[in-house]
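These notes concern the structure reproduced below.
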Amino acid sequence: MSRSAHPAGPRYADVLPEGHYPAPPADLNALHPRVWSRTVSRNEDGVATVGGLDVKRLAEEFGTPAYFLDEDDFRARCRAWREAFGPDADVFYAGKAFLSRAVVRWLTEEGLNLDVCSAGELATALDAGMPAERIALHGNNKSAEEISRAVEAGVGRIVVDSFQEIVRVAHTAQRAGKRQRVQIRVTVGVEAHTHEFIATAHEDQKFGLPLAGGQAAEAVRRALKLDGLELIGIHSHIGSQIFDTSGFEVAAHRVVGLLREIRDEHGVELPEIDLGGGLGIAYTPDDDPREPQEIATALRAIVERECAAAGLAVPRLSVEPGRAIVGPTAFTLYEVGTVKELPGLRTYVSVDGGMSDNIRTALYDADYSVALVSRTSTADPMLSRVVGKHCESGDIVVRDAFLPADVAPGDLLAVPATGAYCRSMASNYNHALRPPVVVVKDGAARVIVRRETEEDLLRLDVG
Ligand SMILES: *Cc1c(COP(=O)(O)O)cnc(C)c1O
Numbered sequence: 001m002s003r004s005a006h007p008a009g010p011r012y013a014d015v016l017p018e019g020h021y022p023a024p025p026a027d028l029n030a031l032h033p034r035v036w037s038r039t040v041s042r043n044e045d046g047v048a049t050v051g052g053l054d055v056k057r058l059a060e061e062f063g064t065p066a067y068f069l070d071e072d073d074f075r076a077r078c079r080a081w082r083e084a085f086g087p088d089a090d091v092f093y094a095g096k097a098f099l100s101r102a103v104v105r106w107l108t109e110e111g112l113n114l115d116v117c118s119a120g121e122l123a124t125a126l127d128a129g130m131p132a133e134r135i136a137l138h139g140n141n142k143s144a145e146e147i148s149r150a151v152e153a154g155v156g157r158i159v160v161d162s163f164q165e166i167v168r169v170a171h172t173a174q175r176a177g178k179r180q181r182v183q184i185r186v187t188v189g190v191e192a193h194t195h196e197f198i199a200t201a202h203e204d205q206k207f208g209l210p211l212a213g214g215q216a217a218e219a220v221r222r223a224l225k226l227d228g229l230e231l232i233g234i235h236s237h238i239g240s241q242i243f244d245t246s247g248f249e250v251a252a253h254r255v256v257g258l259l260r261e262i263r264d265e266h267g268v269e270l271p272e273i274d275l276g277g278g279l280g281i282a283y284t285p286d287d288d289p290r291e292p293q294e295i296a297t298a299l300r301a302i303v304e305r306e307c308a309a310a311g312l313a314v315p316r317l318s319v320e321p322g323r324a325i326v327g328p329t330a331f332t333l334y335e336v337g338t339v340k341e342l343p344g345l346r347t348y349v350s351v352d353g354g355m356s357d358n359i360r361t362a363l364y365d366a367d368y369s370v371a372l373v374s375r376t377s378t379a380d381p382m383l384s385r386v387v388g389k390h391c392e393s394g395d396i397v398v399r400d401a402f403l404p405a406d407v408a409p410g411d412l413l414a415v416p417a418t419g420a421y422c423r424s425m426a427s428n429y430n431h432a433l434r435p436p437v438v439v440v441k442d443g444a445a446r447v448i449v450r451r452e453t454e455e456d457l458l459r460l461d462v463g
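Okay, so the sequence shown: first residue is 1 according to UniProt numbering, each after it adds one.
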């Protein structure tokens, strides 16, 4: 269908000027491999399957809404990152993207390390058997309790984020008779090409100590003087959902510049640098993310070149992908409850979840795609807005989506690429019960995080 043709349903050219609305995809039934995990396809009845299991059966067994996570896909992504970076680098999975005991076990088995940023994430990691030396603690305002639990557990590194924290970690370690390995988080003044609210390397933000103006260099001076600390390196994280490596190249250039200043001033060469996470994934087929191998090659080349120019030995490199590992591994399955056509405007398709299981559309105006998965359809494409069931008009799951014009109550819709920052940001808004995470592998499905119950909600309500 051409760009100027009107698909069935509302004339959305009435809403957007001619030529400004997206063209419907050529095949509404296609499940594009860029946005769906690797074991997703359709069976001969047209029902989507994951790990060999059809979504209608999965919905009957586990209910909707629910997240279905493809274990083979998760492990394959872990291996791709590990192999791309090789033995001279460490890959830290960012636990905030999605963390559970099962995830921690997979990471441990696949040779990845783990970033945590709270006592709760640390407890999950330790409980599931991640060795403490493979854990890094992050955060811009770690509590005294979080610092002491991390030091006592023996975490491999704490990434310190302020002058106060340098002193707090040093004292905590000294009291425990330890020397804590730390990195200093710096801001390098790189603006990643991404949405403003998830870009984190402008200098005007809460994370890190700016290189410009000398605060980062001052933090290094203070950390080097404290007996409780072993300063092992410099950390930079420039943002999220980034598609091109040029931001990382500037960050690496500036971080290596700081290493050179440290060598010149203090006569020490710090042995590690961490370039953070933030690698983008495909939420829609238009997104074209870089492969781990390509990222690894680019980052290694720039670090080696900068170190050679500065006369420094190449430090051990680490990276921290979260979204790029877990994001593409899961989809959210919903059931359609109502379909409301607003003549001349658009069609609202309401599902049985919403902003309580995926806040990213409301929070960041994030783009998602969606497909009818309980059947195929030959109906014309209809520009739709997939919305949730919450008492909030901003409760949008997919802002602009083409669905077949015959979509109806009882149909199952799936939103792909919801593995990262969906369950981990899920809320109980409207006393919604947070959905389960179901792992699918080799024709078997098992719950790794169960659905909340009303009993769970009421247990906290002790008034
Ligand atoms: C959030 C975060 C990450 C992971 O970001 P992704 O976009 O999920 O890759 C890595 N490192 C730090 C310090 C973070 O805050």
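Backbone N, C-alpha and C define an ideal beta-carbon position, used for all residues, glycine too.
- The C-beta separation of Ser-236 from Ala-89 comes to about 15 angstroms, leaving the pair out of contact by the 8 angstroms criterion.
- CA-to-CA, the gap between Val-439 and Phe-62 works out to about 11 angstroms.
- By the 16-neighbour rule on beta-carbons within 10 angstroms, Pro-404 is buried.
- Residue pairing by DSSP leaves Pro-33 without any beta bridge partner.
- Distances from the alpha-carbon of Glu-249 to those of Leu-460, Asp-161 and Arg-300 put Arg-300 closest.
- Beta-bridge pairing by DSSP links Leu-69 to Ala-330 and Val-439.
- Within the same chain, Pro-7, Pro-24, Leu-28 and Phe-402 come within 6 angstroms of Pro-381 by CB-CB distance, once the 5 residues on both sides are set aside.
- Each residue's CA atom was taken as its position, placing Ile-166 and Ala-414 some 46 angstroms apart.
- For Phe-402, the enclosing beta strand (DSSP E) starts and ends at 396-404.
- The C-beta distance from Val-398 to Thr-361 rounds to 7 angstroms, short enough to meet the 8 angstroms contact threshold.
- In this structure, Leu-112 is the residue among Asp-400, Leu-112, Val-186 and Leu-69 with its C-alpha nearest to the C-alpha of Arg-79.
- In the structure shown, Asp-352 adopts coil according to DSSP, grouped into three states.
- The residues Ala-80, Trp-81 and Ala-84, in chain order, have a CB closer than 6 angstroms to that of Pro-292 in the same chain once the five nearest residues on each side in sequence are set aside.
- Setting aside the 5 residues that flank it on each side, Asp-367 is surrounded in the same chain by Tyr-283 and Thr-284, each with a C-beta closer than 6 angstroms to its C-beta; the list follows chain order.
- Classified as exposed, Thr-453 has fewer than 16 neighbouring CB atoms from the shown chains inside 10 Å of its CB.
- Rounded to whole angstroms, the gap between the alpha carbons of Ala-170 and Ile-232 is 14 angstroms.
- Assignment of beta strand (DSSP E) within the segment 33-118, counting only whole runs of 3 or more residues, yields 48-50, 66-70, 89-94 and 113-116 in chain order.
- Boundaries of the alpha helix (DSSP H) around Asp-264: 246-266.
- Between Val-303 and Asp-411, the alpha-carbon positions lie close to 51 angstroms from each other.
- The shortest CA-to-CA distance from Ser-374 to any of Arg-42, Ser-37 and Arg-34 is the one to Arg-42.
- When the Cα atoms are used, Ile-396 and Ser-369 turn out to be separated by approximately 12 angstroms.
- Boundaries of the beta strand (DSSP E) around Arg-316: 316-319.
- Here Gly-327 is not near Gly-278, since their CB atoms are 8 angstroms or more apart.
- The Cβ-Cβ distance between Pro-409 and Val-339 falls below 8 angstroms.
- Approximately 20 angstroms separates the beta-carbon atoms of Glu-294 and Ala-94; this is outside 8 angstroms, ruling out the contact.
- Between the C-alpha atoms of Asp-227 and Ala-176 there is a straight-line separation of about 12 angstroms.
- Rounded to the nearest angstrom, the gap between the Cα atoms of Thr-39 and Val-50 is 5 angstroms.
- Within the same chain, Arg-101, Val-104 and Arg-105 come within 6 angstroms of Ala-128 by CB-CB distance, once the 5 residues on both sides are set aside.
- In terms of Cα proximity to Val-186, the closest of Asp-204, Pro-416, Gln-180 and Gln-174 is Asp-204.
- According to DSSP, Glu-272 shares a beta bridge with Gly-233 and Arg-316.
- Within the same chain, Gly-443 come within 6 angstroms of Gly-52 by CB-CB distance, once the 5 residues on both sides are set aside.
- Residues Leu-122, Leu-137 and Ile-158 of the same chain have their beta carbon placed closer than 7 angstroms to that of Ala-150, with the five preceding and five following residues left out of the count.
- Annotation for Val-303: the continuous alpha helix (DSSP H) segment containing it runs 292-310.
- Between the alpha carbons of Val-407 and Tyr-364 lies a gap of roughly 27 angstroms.
- Taking a contact as a CB-CB distance under 8 angstroms, the pair Gln-241 and Arg-323 counts as one, their CB atoms being some 7 angstroms apart.
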